[in-house]
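Reviewing the structure listed below.
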Amino acid sequence: MIRHHPDNNLLVEYASGSLPWAMSLAVSAHLQLCPQCRRENEHLNHIGGGLLEGCEPQETTGDALDRLMQRIDAEPTAGGATGPERAPESPKSRSRNTRDDRDPALARLPRVIRKLIGDNRPLKWRRVSPSLKTTRLTTGQDRYEVAFQRICRGGKVVEHDHRGREVTLVLYGSFSDADGVYTPGDFLLREPGEVHQPIATQDQECLCLSVVEAPVHVKGPLGWLVNPLLSFRPA
Amino acid sequence: MQQTQNRDDDWSKLLVLVGTRQDRSAFERLFHHYAPLIKGFHYSRSAQAFSSEAADELVQEVMFRVWRKAASFDPSRASANTWIYTIMRNCRIDMLRRNSRRQDADGCDVEVDDIWDESPESQPLLVLQHRRSQRDISEGLRSLPAEQSHVLEKAYMEGKSHSEISTELGLPLGTVKSRVRLALKKLEAILSKQGAS
Ligand SMILES: [Zn+2]
Numbered sequence: 000m001i002r003h004h005p006d007n008n009l010l011v012e013y014a015s016g017s018l019p020w021a022m023s024l025a026v027s028a029h030l031q032l033c034p035q036c037r038r039e040n041e042h043l044n045h046i047g048g049g050l051l052e053g054c055e056p057q058e059t060t061g062d063a064l065d066r067l068m069q070r071i072d073a074e075p076t077a078g079g080a081t082g083p084e085r086a087p088e089s090p091k092s093r094s095r096n097t098r099d100d101r102d103p104a105l106a107r108l109p110r111v112i113r114k115l116i117g118d119n120r121p122l123k124w125r126r127v128s129p130s131l132k133t134t135r136l137t138t139g140q141d142r143y144e145v146a147f148q149r150i151c152r153g154g155k156v157v158e159h160d161h162r163g164r165e166v167t168l169v170l171y172g173s174f175s176d177a178d179g180v181y182t183p184g185d186f187l188l189r190e191p192g193e194v195h196q197p198i199a200t201q202d203q204e205c206l207c208l209s210v211v212e213a214p215v216h217v218k219g220p221l222g223w224l225v226n227p228l229l230s231f232r233p234a
Numbered sequence: 000m001q002q003t004q005n006r007d008d009d010w011s012k013l014l015v016l017v018g019t020r021q022d023r024s025a026f027e028r029l030f031h032h033y034a035p036l037i038k039g040f041h042y043s044r045s046a047q048a049f050s051s052e053a054a055d056e057l058v059q060e061v062m063f064r065v066w067r068k069a070a071s072f073d074p075s076r077a078s079a080n081t082w083i084y085t086i087m088r089n090c091r092i093d094m095l096r097r098n099s100r101r102q103d104a105d106g107c108d109v110e111v112d113d114i115w116d117e118s119p120e121s122q123p124l125l126v127l128q129h130r131r132s133q134r135d136i137s138e139g140l141r142s143l144p145a146e147q148s149h150v151l152e153k154a155y156m157e158g159k160s161h162s163e164i165s166t167e168l169g170l171p172l173g174t175v176k177s178r179v180r181l182a183l184k185k186l187e188a189i190l191s192k193q194g195a196s
């Protein structure tokens, strides 16, 4: 059962479109796992609909409709009615990579995470410590570091803190820290400076999506020195 | 009291006509109703999230997507206003993203519609009873204290994060957060009360 959810303020930022891309990705993955927050999100969209209906109308330019109809007519399929739009899977996501395909931790993931993996495969895992592996994910933005963190069975990650806000979404297995046990779907937001020490449970390894606010102005050859992921030191 | 509700149902019916038959006169009526609202949402006397020109461009793009996606509109799941709102929001994110994206973007294929995914399979099984609540939400919004509706408008219409709102209004972040939460609580109370009646 999911016990940790994004709070309503975060959901408002998501539903209104102001939440940064990478954070929104984590919220979206949570929504795909959590019916309770989906209902709340629906309610928040509804507020958007109410504001749209109630706002003060402004006249558009006189030729707006003509321009639009011209564009619609120029569409090869003569417009609409092609059913729900789904972007085709990217060629990269179809490329063979049997190791990722056989990975039990990657077998059942929210759709948006599968898409993300498709864009990043084959996944290259980097061993940070005997108990922690990580792979950075490109997501089309650079404000946040997005990565999978993988803690082996019973593995301990050394106590650490971070410079920016950090979201952790459990995707497989479970881990615990001083505050509790976290299972798939759990969404944790930690503010800068909060210290924690995750430990994976004994029976299963644990896979999490982590989104960490990247330090600004870090470019160039020494950038890796302040890479937040390196704040995970060997345990 | 039925007025608004019936009107929203009318817009839903028009959307269905566009989706099933590419009905142009239905689409034109939708355009005449929604285009000025979409523009007003982003550009008005009180708030200019967009320039008048950018708001016009947004109108074009949103209504184009409404035409293209109308077949996926399901009136049993969303009201016309809410459905168009989600298309408009995704469109705006796309537009802002295109404008700010660096040249060396990392070639990731995750798109706005993947993250802000309003497809039927991402919807809850128990959908809000929107037929009733579309009217109620509009009344609820009007009944909010000004300071609460103000932060909601800043968030939704100007697309500002809580911390941007706090900077702009010179309020502590905690105050902005609690005003938003109070507004939501009040709207939910209104909806559940009217739903029970
Ligand atoms: Zn939730």
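Residue numbers (numbering that gives the first Met the number 0), protein chains in the order written: chain A, 0 to 234; chain B, 0 to 196. Glycine is no exception: its CB is placed at the ideal position from the N, C-alpha and C atoms.
heavy atom of ligand 1 below 7 Å from residue i C-beta
i: residue 164 (chain B); result: no
i: residue 35 (chain A); result: yes
i: residue 1 (chain A); result: yes
i: residue 29 (chain A); result: yes
i: residue 4 (chain A); result: yes
Terminal residues of the alpha helix (DSSP H) in which residue i lies
i: residue 92 (chain B); result: 79–99
i: residue 144 (chain A); result: Counting along the chain, residue 144 (chain A) falls outside any alpha helix (DSSP H), though it belongs to the beta strand (DSSP E) covering 143–150.
i: residue 209 (chain A); result: From DSSP, residue 209 (chain A) is part of no alpha helix (DSSP H) but of the beta strand (DSSP E) over 205–212.
i: residue 50 (chain B); result: Looking at the DSSP string, residue 50 (chain B) is not in any alpha helix (DSSP H), and its letter there is neither H nor E.
i: residue 166 (chain B); result: 161–168
i: residue 66 (chain A); result: 63–73
i: residue 28 (chain B); result: 23–41
i: residue 47 (chain A); result: 34–53
Cβ of residue i within 8 Å of any chain B Cβ
i: residue 173 (chain A); result: no
i: residue 144 (chain A); result: no
i: residue 167 (chain A); result: no
i: residue 190 (chain A); result: no
i: residue 1 (chain A); result: no
i: residue 17 (chain A); result: yes
i: residue 162 (chain A); result: no
i: residue 7 (chain A); result: yes
i: residue 11 (chain A); result: yes
i: residue 138 (chain A); result: yes
i: residue 108 (chain A); result: no
i: residue 73 (chain A); result: no
i: residue 135 (chain A); result: no
i: residue 83 (chain A); result: Confidence at residue 83 (chain A) is low in this model, with a pLDDT of 46, below 50, so the placement of that residue is unreliable and no value is reported for it.
i: residue 64 (chain A); result: yes
i: residue 24 (chain A); result: yes
i: residue 152 (chain A); result: no
Interface flag, residue i vs chain A, CB-CB below 8 Å
i: residue 116 (chain B); result: yes
i: residue 49 (chain B); result: no
i: residue 98 (chain B); result: no
i: residue 27 (chain B); result: yes
i: residue 1 (chain B); result: Low confidence applies to residue 1 (chain B): its pLDDT is 46, below 50, so where it sits in the model is not reliable enough to give any reading.
i: residue 173 (chain B); result: no
i: residue 62 (chain B); result: yes
i: residue 39 (chain B); result: yes
i: residue 102 (chain B); result: Bear in mind that a pLDDT of 43 at residue 102 (chain B), under 50, signals an unreliable position, so the model cannot answer this.
i: residue 180 (chain B); result: yes
i: residue 35 (chain B); result: yes
i: residue 166 (chain B); result: no
i: residue 185 (chain B); result: no
Min CB distance residue i to chain E below 8 Å
i: residue 27 (chain A); result: Absent from the structure is chain E; the protein chains it does hold are A and B.
Residue i, enclosing beta strand (DSSP E) - first and last residue
i: residue 176 (chain A); result: 174–176
i: residue 128 (chain A); result: 125–128
i: residue 18 (chain A); result: Taken as a continuous stretch (DSSP letters only), residue 18 (chain A) belongs to no beta strand (DSSP E), as it is neither H nor E.
i: residue 188 (chain A); result: 186–189
> Do the segment 62–75 of chain A and the segment 131–142 of chain A make contact, defined as three or more Cβ pairs closer than 8 Å?
Replying inline: Because the criterion of three Cβ pairs below 8 Å is not met, the segment 62–75 of chain A and the segment 131–142 of chain A do not touch.
>> Does the segment 9–20 of chain B come into contact with the segment 32–48 of chain A, if we say contact requires no fewer than three beta-carbon pairs (one atom in each stretch) closer than 8 Å?
In response: no
>> Pairs of beta-carbons, one from the segment 26–35 of chain B and one from the segment 44–53 of chain B, closer than 8 Å: are there three or more?
In response: Contact between the segment 26–35 of chain B and the segment 44–53 of chain B is absent, because fewer than three Cβ pairs lie under 8 Å.
> Given a limit of 9 Å on CB to CB distance, which residues of the segment 110–131 of chain A reach chain B?
Replying inline: For the segment 110–131 of chain A, which is checked against every Cβ of chain B, the residues closer than 9 Å are 110, 111, 114, 115, 117, 118, 119.
>> Counting only Cβ-Cβ distances shorter than 8 Å, please list the residues of the segment 144–159 of chain B near chain A, keeping chain order.
In response: 151, 152, 154, 155, 156, 158, 159
> Do the segment 196–213 of chain A and the segment 161–176 of chain A make contact, defined as three or more Cβ pairs closer than 8 Å?
Replying inline: Contact between the segment 196–213 of chain A and the segment 161–176 of chain A is present: three or more C-beta pairs spanning the two stretches fall below 8 Å.
>> Does the segment 143–158 of chain B come into contact with the segment 173–186 of chain B, if we say contact requires no fewer than three beta-carbon pairs (one atom in each stretch) closer than 8 Å?
In response: yes
> Which residues, in chain order, does the segment 39–60 of chain A contribute to contact with chain B at a C-beta distance below 7 Å?
Replying inline: 41, 42, 44, 45, 46, 47, 48, 49, 50, 51, 52, 53, 54, 55, 56, 57, 58, 59, 60
> So does the segment 177–192 of chain A actually touch the segment 110–123 of chain A, counting three or more Cβ pairs closer than 8 Å?
Replying inline: no
> What residues from the segment 198–217 of chain A come within 9 Å of chain B, judged by C-beta to C-beta, listed N to C?
Replying inline: none
> Would you call the segment 95–111 of chain A and the segment 10–30 of chain A touching, i.e. three or more CB-CB distances under 8 Å?
Replying inline: yes
> Should the segment 88–96 of chain B be regarded as contacting the segment 14–24 of chain A, the criterion being three or more beta carbon pairs within less than 8 Å?
Replying inline: yes
> Does the segment 79–89 of chain B touch the segment 3–13 of chain A, meaning 3 or more C-beta pairs lie closer than 8 Å?
Replying inline: no
> How do the segment 151–170 of chain A and the segment 187–194 of chain A stand: do at least 3 beta-carbon pairs fall below 8 Å, yes or no?
Replying inline: Contact check between the segment 151–170 of chain A and the segment 187–194 of chain A: three or more CB pairs, one atom from each, fall below 8 Å, which counts as touching.
> Are the segment 30–50 of chain B and the segment 156–163 of chain B in contact at 8 Å, needing three or more beta carbon pairs?
Replying inline: yes
> Of the residues that make up the segment 9–23 of chain B, which ones have a beta carbon closer than 9 Å to any beta carbon in chain A?
Replying inline: 17, 18, 19, 20, 21, 23
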